[in-house]
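Residues 27 to 108 in my numbering are what the sequence shown lists, from first letter to last.
Where a beta carbon is used, it is the ideal one built from N, C-alpha and C, also for glycine.
Note that this is a predicted model, so its numbers are computed, not measured.
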Amino acid sequence: MMLMSRGCPQSSESLGVAAQMEAIAELVEQLREQLNNLEGHYVAPLGCEVHHYNVKRPSGIYGYNKLTASELIFEPAIAVVG
């Protein structure tokens, strides 16, 4: 803004960064598309793995997801017996 007010306008072309800006815009669009593809899908927290398995029941076969983690994520729950 300061340069423009002094009569020295600059643009992305004059700075030589137009190609980089276009490449970044394309990458951002690719990321948006990838994020949209994840809509409605479960994404495991960092450090977790999802193991999918099917269980056969008399009423049909059901899919389950089991999360496993190499480190504790939650504090252990204290069971109240009473």
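Worksheet item: Between which two residues does the beta strand (DSSP E) containing Glu75 stretch?
Response: 74-83
Worksheet item: DSSP three-state call for Leu57: helix, strand or coil?
Response: helix
Worksheet item: Any idea what DSSP makes of Ile50, helix, strand or coil?
Response: helix
Fill in: Alpha-carbon to alpha-carbon, Asn63 and His77
20 Å
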